[in-house]
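**Student:** Before I ask anything, here is the structure I am working with.
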Amino acid sequence: MDDKTEYPRHVAVIMDGNGRWARKRGLPRVQGHRAGVLALKEIVKYSRKIGLKYLTLYAFSTENWKRPELEIKNLMNLLMEYLRSELGELKSNNIKLNILGDVYQLQAVVQQELKKAVAETAHNDGMVLSVAINYGGRNEILRAVKNIAEDICTGNAGIKDIDQHFFENYLYTRGMPNPDLVIRPSGELRISNFLLWQIAYSEFWFSDCYWPDFTTEMFEKALKDYARRDRRYGGVDSVD
Ligand code: FPP
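Here the sequence shown stands for residues 230 to 469, where the numbers follow this note's numbering.
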């Protein structure tokens, strides 16, 4: 894109279709996820190159625990593999890793790997790469409500303090702008419990392509389409 001012600041992606990509090729589902990681790496690299400030990826939802044990294990292994092999790249590209979700329910070894990568990239300020793991939008909102209730009970907050800005400080995305654009490939037209609070005024971009086939050209097309959208946030462009 020529005009950088039209870029979204925050793009969130639901990486969907890995399983169907694999099935279409007669491969085990894990190969679809593996191919999905390759696509993810390209999109991270490209996002950093064009100066995107926030990229958020949905890697594992609170509902994904319903999947077969082997698939969950494979996904966690892929995540650890990614962290081990890409930490150097994240550091040299000034990318800060951020995790959204309840990591305490993950295996200790996964938690350790995440903690290390988050700590070692904490001072980077080129781009924030948020990965949603064991994340669910409804749980995130309930967690915020519980923490606010606790702060009220302990006298650290009052009911009068509660407004949208205050509430946002209790979300995993605290301090981040809301997504400007949400991309979902694979032909599904739903949100699947992703960033429910944060997407109130996000723009959406859908594609039939399975995530492993998602290219930087498609990403660029989504950004260009976004740039043509007219975001009014419930207002009007001009008064006639
Ligand atoms: C959705 O496809 C994809 C997932 C649930 C997992 C996404 C995870 C990765 C790409 C790898 C691990 C993450 C990182 C950050 C390295 P699906 O399995 O629901 O596909 P389907 O709908 O076609 O079955």
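Ideal placement from N, C-alpha and C gives every residue a C-beta, glycine not left out.
The structure displayed is predicted, hence computed values, not measured ones.
By DSSP's criteria, V240 is part of a beta bridge. Which residues make up the other side?
**Tutor:** If you number the sequence shown from 1, residue 240 lands on position 11. The partner list for V240 (beta bridge, DSSP) reads L284 and L410.
**Student:** Over the uninterrupted beta strand (DSSP E) stretch that includes E235, give me the two end residues.
**Tutor:** Numbered from its first residue, the sequence shown carries residue 235 at position 6. Neither: E235 is in no beta strand (DSSP E) and is coded neither H nor E.
**Student:** In the DSSP assignment, the beta strand (DSSP E) including I391 goes from what residue to what residue?
**Tutor:** Working through the sequence shown from its first residue, we reach residue 391 at position 162. Here I391 belongs to no beta strand (DSSP E), and DSSP marks it neither H nor E.
**Student:** Within 10 angstroms of its Cβ, does T285 collect 16 or more other Cβ (buried), or is it exposed?
**Tutor:** Position 56 of the sequence shown, counted from the start, is the residue given in the question as residue 285. Its Cβ being crowded by 16 or more others within 10 Å, T285 is buried.
**Student:** Would you call D231 buried or exposed, if buried means 16 or more other Cβ atoms sit within 10 Å of its Cβ?
**Tutor:** Sequence index remark: in the sequence shown, residue 231 carries index 2 (1-based). Residue placement at D231 cannot be trusted, given a pLDDT of 48 that sits under 50; what the coordinates show is reported in the next sentence. D231 comes out exposed.
**Student:** Just reading off the beta strand (DSSP E) that I324 is part of, what are its end residues?
**Tutor:** Start at 1 with the first residue of the sequence shown, and residue 324 comes out as number 95. I324 to L329 is the extent of the beta strand (DSSP E) around I324.
**Student:** If I'm right that I428 touches P406 with Cβ under 8 Å, what's the distance once you round it to whole angstroms?
**Tutor:** Stepping through the sequence shown from its first residue, residue 428 is reached at position 199. Stepping through the sequence shown from its first residue, residue 406 is reached at position 177. That belief does not hold up - the Cβ atoms of I428 and P406 are roughly 12 Å apart, past 8 Å.
**Student:** Counting only runs that start and end within the stretch 308-384, where is the beta strand (DSSP E) found for 3 or more residues in a row?
**Tutor:** The stretch 308-384 contains these whole beta strand (DSSP E) runs: 324-329 and 356-364.
**Student:** Would the beta-carbon of R419 be found less than 7 Å away from any heavy atom of ligand 1?
**Tutor:** Your numbering for residue 419 matches position 190 in the sequence shown. Outside the cutoff, so no.
**Student:** Would the C-beta of S359 count as close to ligand 1, meaning under 7 Å from any of its heavy atoms?
**Tutor:** For this step, residue 359 is matched to residue 130 along the sequence shown. No, since every heavy atom of ligand 1 falls outside the 7 Å radius drawn around the Cβ of S359.
**Student:** Going by DSSP, which residues form a beta bridge with F289?
**Tutor:** Counting from 1 along the sequence shown, the entry for residue 289 is found at position 60. F289 pairs with I362.
**Student:** Nearest-angstrom Cα distance between F395 and L267?
**Tutor:** Locating residue 395 in the sequence shown gives position 166, counting from the first residue. Locating residue 267 in the sequence shown gives position 38, counting from the first residue. Whole-angstrom Cα-Cα distance: 38 Å.
**Student:** Determine, using beta-carbon pairs with one atom in the stretch 243-255 and one in the stretch 456-466, whether at least three such pairs fall under 8 Å.
**Tutor:** No: the two stretches stay apart, fewer than three of their Cβ pairs being nearer than 8 Å.
**Student:** What residues in its chain sit with their C-beta under 8 Å from that of D454, if we drop five residues either side in the sequence?
**Tutor:** Translated into positions along the sequence shown, residue 454 becomes position 225. Excluding sequence neighbours, D454 sits near W434.
**Student:** Which residue wins for smallest C-alpha separation from D442, given the options N247, H239, I243 and R238?
**Tutor:** As a working note, residue 442 is residue 213 in the sequence shown. Cα-wise, what sits closest to D442 is N247.
**Student:** With the cut-off set at 8 Å, would you say L329 and S359 are in Cβ contact?
**Tutor:** Reading the sequence shown from its first residue, position 100 is the one you call residue 329. Reading the sequence shown from its first residue, position 130 is the one you call residue 359. Contact: yes.
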